[in-house]
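Enquirer: In the numbering used here, each residue's number is its place in the sequence shown (first place is 1) plus 3.
Glycine included, every Cβ here is placed at the ideal spot set by N, Cα and C.
Please read through the structure below; I'll follow up with questions.
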Amino acid sequence: MRTKILFQRRALPRSHHAHTISARTDFACGFLSGCTASLAGQPIDTVRVRIQAGASGTGTASASPVAVARSLWAAEGAAGFLRGTAPPLLATGPRNAIGFAVQAEVARRCQSRLLEWRPGTAPETARLTAACAGGVCAGLAQCLVIVPADRIKVQQQINSRAGTSSSEPVLECAARLLRSHGLVGGLLAGGTATAMRQAPSAAIYFGAYHALLPRLRERLGRGGSAAPLLSGGFAGVVAYTATYPLDFGPAWLYRGMGPTLLRAFVINAVNFAVFERLQEAVARRRGMAS
Numbered sequence: 004m005r006t007k008i009l010f011q012r013r014a015l016p017r018s019h020h021a022h023t024i025s026a027r028t029d030f031a032c033g034f035l036s037g038c039t040a041s042l043a044g045q046p047i048d049t050v051r052v053r054i055q056a057g058a059s060g061t062g063t064a065s066a067s068p069v070a071v072a073r074s075l076w077a078a079e080g081a082a083g084f085l086r087g088t089a090p091p092l093l094a095t096g097p098r099n100a101i102g103f104a105v106q107a108e109v110a111r112r113c114q115s116r117l118l119e120w121r122p123g124t125a126p127e128t129a130r131l132t133a134a135c136a137g138g139v140c141a142g143l144a145q146c147l148v149i150v151p152a153d154r155i156k157v158q159q160q161i162n163s164r165a166g167t168s169s170s171e172p173v174l175e176c177a178a179r180l181l182r183s184h185g186l187v188g189g190l191l192a193g194g195t196a197t198a199m200r201q202a203p204s205a206a207i208y209f210g211a212y213h214a215l216l217p218r219l220r221e222r223l224g225r226g227g228s229a230a231p232l233l234s235g236g237f238a239g240v241v242a243y244t245a246t247y248p249l250d251f252g253p254a255w256l257y258r259g260m261g262p263t264l265l266r267a268f269v270i271n272a273v274n275f276a277v278f279e280r281l282q283e284a285v286a287r288r289r290g291m292a293s
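And the structure:
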């Protein structure tokens, strides 16, 4: 089981060179899996943003996901579902890379310290506590990428509703926000709220995944991608459900919850499945090289 082996392996003393290689592996695998997941979830995300925009008064508040999708297809075709793809694609790779690398490193250190300070702690408790602590740190670190990328993405998706024939380029959108609102009010708008959402969300996200994966692998087998797919998908749904009000206001604004949860399952299932496969490929390559 890769997850359990990961924590056991990293709890052991390692040379600086071995540590650097491991961190680089987490970063690279996280980057590639994040880009793949972003592409998989972008059409659903566009529908979600249109629904939320309608709920806030910029469109039809009563539109269902199916109605929004049909309207988008009729007005803009397939290209409409890919509005705002560039910002999340450019941001998700680095964001995911930072998240996986920071989470793994903090979890390794936390698990080691916890077992030193409290020798009687059950290994499973230490593992999951460390996974959640790593998630908090990962979520905060990811805000450096998430805040400006989300700001640009939402601007592109909402502005296309005003009849713009083509999506505003990323750099032009960023420059416009900076000119109109400055750095804090433009690209970094909503940074505090994002951090308040992202820290607990990432803790729940990684904690749920590391809790589910061993159990699903016991039932579904250690080979294949079924366990990472389901664990990642359900972890994403749990994290989004717990923190969704922080993303878009109070409970009455749960409009768009269906597309949000569908997107959460899809992108996080793909994210973890690809990440695990890449990790396994790297491990096999190193095994053959040694």
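Rounding to the nearest angstrom, what Cα-Cα distance links Leu85 and Ala104 in this structure?
Expert: Cα to Cα, Leu85 sits roughly 28 angstroms from Ala104.
Enquirer: Terminal residues of the continuous alpha helix (DSSP H) containing Ala125?
Expert: That residue, Ala125, is in no alpha helix (DSSP H); it is neither H nor E in DSSP.
Enquirer: I need the DSSP call for Ala70, collapsed to helix, strand or coil.
Expert: helix
Enquirer: I'd like to know whether the C-beta atoms of Val109 and Ala136 end up nearer to each other than 8 angstroms.
Expert: yes
Enquirer: Would you mind reading off the limits of the alpha helix (DSSP H) that contains Ser204?
Expert: For Ser204, the uninterrupted alpha helix (DSSP H) segment begins and ends at Gly194 to Leu223.
Enquirer: Would you say the segment 120-133 touches the segment 168-184, given that touching needs at least three Cβ pairs under 8 angstroms?
Expert: In short, these stretches do not touch, since the Cβ pair count stays below three.
Enquirer: Let's test the definition: count the other Cβ atoms within 10 Å of the Cβ of Thr197 and tell me whether it reaches 16, buried, or not, exposed.
Expert: buried
Enquirer: Is the Cβ-Cβ distance between Gly142 and Ser204 less than 8 angstroms?
Expert: yes
Enquirer: Provide the residue span of the alpha helix (DSSP H) that contains Val173, from first to last.
Expert: Val173 to Gly185
Enquirer: For the candidate residues Arg130, Ala89, Val50 and Pro91, whose alpha-carbon lies nearest to that of Trp1?
Expert: Since the first residue of the chain shown is 4 and the last is 293, residue 1 is not available in this structure.
Enquirer: Under a three-way DSSP split, which group does Ser36 fall into?
Expert: helix
Enquirer: Identify, in the order they occur along the chain, each residue of the same chain with its Cβ nearer than 7 angstroms to the Cβ of Leu215, setting aside the five sequence neighbours on each side.
Expert: Ser234, Phe237 and Ala238
Enquirer: Alpha carbons only, please: which of Arg200, Gln158 and Phe34 is nearest the one belonging to Gly189?
Expert: Gln158
Enquirer: Hey, quick one: how far does the alpha helix (DSSP H) through Gly83 stretch, first residue to last?
Expert: Ala81 to Phe84
Enquirer: Determine the direct distance from the alpha carbon of Glu175 to that of Gly224, and round the result to whole angstroms.
Expert: 49 angstroms
Enquirer: Check the C-beta distance from Ser25 over to Asn274 and give it rounded, since I have them as a contact under 8 angstroms.
Expert: About 19 angstroms; that fails the 8 angstroms criterion.
Enquirer: Give the secondary structure of Ser25 by DSSP, where H, G and I count as helix, E and B as strand, and everything else as coil.
Expert: helix
Enquirer: Sorted by chain position, which residues of the same chain lie with C-beta nearer than 8 angstroms to Arg218's C-beta, five sequence neighbours on each side aside?
Expert: Within the same chain, Arg218 has no close Cβ partners at all.
Enquirer: Look at the alpha carbon of Val285 and the alpha carbon of Gly193, and state the distance between them as a whole number of angstroms.
Expert: 38 angstroms
Enquirer: In this structure, how does DSSP classify Ser41 when only helix, strand and coil are distinguished?
Expert: helix
Enquirer: According to DSSP, simplified to helix, strand and coil, what is Gly87?
Expert: coil
Enquirer: Applying the criterion that 16 or more other CB atoms from any shown protein chain within 10 Å of the CB defines a buried residue, is Arg289 buried or exposed?
Expert: exposed
Enquirer: Residues in its own chain within less than 6 angstroms of Val277 by CB, not counting five upstream and five downstream?
Expert: Ser36 and Thr39
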